[in-house]
Amino acid sequence: MTPEDLYKNSFDGYRQDPPPGVWDGVNRRLATKSFFTPGLGHFNILYVAAAAAIVVAAFWMSPGDQQSPSTNGENIIIADSSSDGTRQTAGDKVPSYDENVGKELSVTIPKHNNVQHQPSQQTENADITTTAAIKADSGVSVTSSEPEIQRTSLIESPMPDFTSAFHASLHQGCAPLTIQLQNLSQNTEYCQWYLGNGETTYEQNPTITYNKPGTYIIALRTVSGTYAKTSYDTIKVSARQQAEIAVAIQGMTIIAEARNVNGGNIVWDFGDKTQMMGKKHSHTYKQPGVYDIVLTISDDICTDTVTRRITIKEPEFSITFPNAIIASRSGFSSGDYKSASPENKALFGPKGNIDNLAKYNLTIYTRAGKQVFQTNNPHETWNGYYLNELLPRGVYVYKCQYEFVNGESATVNGNITLLWE
Amino acid sequence: MEEKTLIEECRKGSRAAQWELYKKYSPVLFGICLRYSDGRETAEDILQDTFMKIYSSISDYEGTGSFEGWMKRIAINTAITNYHQSAKHKHHEDVDDYAQTIASDDPNFDSLEFTHEELLGVVNSLPDGYRMVFNMFAIEGFKHREIADMLGIDINTSKTQFMRARNIVVKKLNELQRIKRH
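Protein chains in written order, with my numbering: chain R, 1 to 421; chain V, 422 to 603.
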């Protein structure tokens with residue numbers, strides 16, 4: 001085929017997985033663009049400006065000896081006051097699928113002995129005002145240069161000494177992924193697990209199976225009195241690939257294609273120490289034999305392997321000639337070539353693996369030694385005619401020299417009996 | 422997610438939908454970028470720019486015609502922009518070295534004989550302008566008039582560059598074939 005056709009066919013629907021860094025770049029640029037696009041629905045420069053304005057205003061309006069509460073954009077830690085008591089909850093936004101992969105969210109609240117007491121002029125009705133220092137450890141949630149956030153709230157009793165903590169047996173794996181959760185919380189009244197897939201449980205050490213791929217955020221909420229603390233962890237579940245190998249074998253060359261592949265790196269091992277990457281390949285074996293093609297598809301978490309055994313047969317390097325032809329008495333003219341076929345008894349030419357011929361020369365003589373046919377094209381056959389005349393019936397002699405692409409060569413001589421139809 | 426919903430969510434700026442779209446179409450678009458570039462690094466840059474353009478102009482997509490086709494066209498346009506911005510190609514405008522080797526007979530290649538990597542390697546090695554024209558004419562099937570408009574060149578330049586690109590491609594494929602057969 002022409003180079004145009006070759007390229008058009010090869011690259012029609014051609015797919016190649018880009019490296020992960022490309023999405024990182026796109027993601028960064030989207031985040032930057034979003035940050036500088038003002039709007040209400042997402043975190044952007046307006047929020048920062050508004051937060052800065054509030055801080056400045058609070059600074060100017062508050063008396064010198066009073067410490068004012070500070071806010072921190074959308075990621076503030078909220079102290080939620082209600083009529084039946086005060087509870088601490090972490091007000092972090094739920095991370096989106098891509099931003100927080102692999103990151104761990106955690107909120108720690110200092111123990112009771114870290115709590116400072118100080119009087120406040122604004123809270124006349126309260127017995128005690130407690131300022132709790134809350135530290136946000138997550139790389140995602142802290143946007144201020146000042147990680148320690150001072151927050152004032154009204155409570156009626158000191159915070160009891162209790163913790164929320166847990167350990168997950170695995171943080172990533174292929175679906176279905178089963179993990180064991182171990183509750184490490186201390187001095188709690190009760191604990192509630194939010195498993196990230198919509199389920200909740202009050203079991204102490206639950207075991208959970210995630211059947212679908214995705215990123216799940218597990219939260220453990222521990223309660224003591226009117227206080228609650230929550231700790232988080234993230235589990236990433238990847239899809240298991242169910243790829244198949246499709247192979248077409250043509251002589252010593254195969255075309256192998258990976259089907260049902262959803263992303264990931266595709267690596268082929270053709271069983272002859274040749275490795276290639278990409279979805280579709282043609283590969284030519286140097287030796288006949290039985291080969292195991294191994295297809296490995298891997299993403300950050302899952303690796304799947306599919307094997308297919310193929311047999312590559314030795315190509316034939318031989319041709320044969322018929323010993324007689326029955327010439328047609330009409331309908332031919334000199335130079336009218338037709339490919340030789342075993343069925344067509346009217347034509348003289350080679351049979352066998354003629355496509356593997358590199359050199360070829362066939363000459364046909366009368367018994368008196370007069371040349372009546374000559375060709376270098378193995379597809380060109382002799383029909384029993386010479387100069388538009390059907391030759392007399394009888395025996396003719398042929399001589400053929402040929403060489404195959406593998407270097408094998410031979411010279412054959414033989415007789416052809418020419419019969420008439 | 423269905424394509425219509427995906428497009429709608431991307432219009433709203435949902436990062437999850439943008440990621441879905443990227444996951445689904447980046448391999449096809451990367452395949453195009455690889456052809457139009459001189460190597461993987463440039464192809465990655467073009468792909469990144471392509472997706473930024475897709476996300477910012479997805480509201481312009483009218484829903485008529487293939488969405489994938491629309492994105493492919495953006496990838497090609499981005500590659501053209503990249504070609505214009507790259508100063509490199511200016512030095513290659515007058516590469517005539519290969520033009521003399523005019524193929525005497527119509528070449529005949531077997532697609533089984535070359536891997537994608539080898540075919541890409543040949544296209545990647547073409548001078549920038551030749552590569553653009555070769556891709557647009559031979560693979561995308563644009564007419565020389567359209568190519569001339571898009572690249573801002575004369576129609577005859579497009580034709581000449583294509584013939585020269587083709588000659589280089591034929592020469593290199595022949596070389597490859599010879600190496601592989603021996």
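Beta carbons: idealized from backbone N, C-alpha and C, even for Gly.
The model shown is predicted, which means the values in this text are computed figures rather than measured ones.
Query	Result
Does the Cβ-Cβ distance between R/A165 and R/S231 come in under 8 angstroms?	yes
Are there 16 or more other CB atoms within 10 angstroms of the CB of R/F36, so buried, or fewer, so exposed?	exposed
Taking a contact to mean a Cβ-Cβ separation below 8 angstroms, would you say R/I245 touches R/L177 in this structure?	no
Any chance you could list the alpha helix (DSSP H) runs of at least 4 consecutive residues sitting entirely within the stretch 289–367 of chain R, in chain order?	none
Just the C-alpha distance for V/R602 and R/V405, rounded to the nearest angstrom, thanks.	9 angstroms
Is V/S447 close to chain R, meaning its C-beta is less than 8 angstroms from at least one C-beta of that chain?	yes
Going by DSSP in three states, R/K279 sits in which element: helix, strand or coil?	coil
In this structure, how does DSSP classify R/N260 when only helix, strand and coil are distinguished?	coil
In whole angstroms, give me the CA-to-CA distance for R/P18 and R/L195.	33 angstroms
For V/F563, would you say it is in contact with chain R, using Cβ-to-Cβ distances shorter than 8 angstroms as the test?	no
Pull up the distance between the alpha-carbon of R/A9 and that of R/S238, whole angstroms please.	A small correction: the amino acid at residue 9 of chain R is Asn; Ala does not occupy that position in the sequence shown. Approximately 34 angstroms between the Cα atoms of the pair.
So which of R/Y385, R/I312, R/Q172, R/Q287 has the shortest CA-CA distance to R/S328?	R/Y385
Does DSSP classify V/L468 as helix, strand or coil?	helix
Grab me the residues of R/P38's own chain with a C-beta within less than 7 angstroms of its C-beta, minus the 5 sequence neighbours each way, in chain order.	N44, I45, L46
Taking the C-alpha atoms as reference points, what is the distance between V/T502 and V/I560?	19 angstroms
What does DSSP give as the partner residue(s) for R/H167 in the beta ladder?	R/Q182
Rounding to the nearest angstrom, what Cα-Cα distance links R/T363 and R/Q374 in this structure?	4 angstroms
So what's V/L547 in DSSP terms, helix, strand or just coil?	coil
Taking only three categories from DSSP, how would you classify R/A248?	strand
Please name the residue in V/K564, V/S458, V/T499 whose C-alpha comes closest to that of V/F472.	V/T499
Does V/A462 get closer than 8 angstroms to chain R when you measure Cβ to Cβ?	Per the sequence shown, residue 462 of chain V should be read as Glu rather than Ala. Closer than 8 angstroms: no.
Which residues in the same chain as R/L419 place their Cβ atom closer than 8 angstroms to its Cβ, once the five residues preceding and following it in sequence are excluded?	A324, I325, I326, A327, R393
Are R/R259 and R/C174 touching if we call contact CB-CB under 8 angstroms?	no
What does V/L540 touch in chain R if you count any residue whose Cβ is under 9 angstroms from its own?	L6, Y7, S10, F11
Report yes or no: do the stretch 269–278 of chain R and the stretch 206–217 of chain R share at least 3 C-beta pairs separated by less than 8 angstroms?	no
One question on the structure: do V/H537 and R/Y285 come within less than 8 angstroms of each other, judged by their Cβ atoms?	no
Ordered along the chain, which non-local residues of its own chain (more than five positions away) have a Cβ less than 8 angstroms from that of R/C191?	S164, N183, S185, Y202, Q204, L220, R221, T222, V223
Give the interface partners of R/M1 over in chain V, defined as CB-CB distance under 8 angstroms, in chain order.	N529, F530, D531, S532
Can you grab the Cα-Cα spacing for the pair R/Y398 / R/G407, in whole Å?	23 angstroms
Do V/L427 and V/F451 have their beta-carbon atoms positioned less than 8 angstroms apart in this structure?	no
For R/L30 and chain V, any beta-carbon pair shorter than 8 angstroms?	yes
Measuring only the C-alpha atoms, how far is V/Q439 from R/I266?	24 angstroms
Does the CB of V/M473 have a neighbour CB from chain R at under 8 angstroms?	yes
Strictly below 7 angstroms CB to CB, what residues from chain V border R/S185?	Going along chain V, no residue has its Cβ under 7 angstroms from R/S185, so there is no contact; the nearest lies around 32 angstroms.
Can you check whether the CB of V/F583 is closer than 8 angstroms to the CB of R/L6?	no
Could you confirm whether any beta carbon from chain R is found closer than 8 angstroms to the beta carbon of V/V590?	yes
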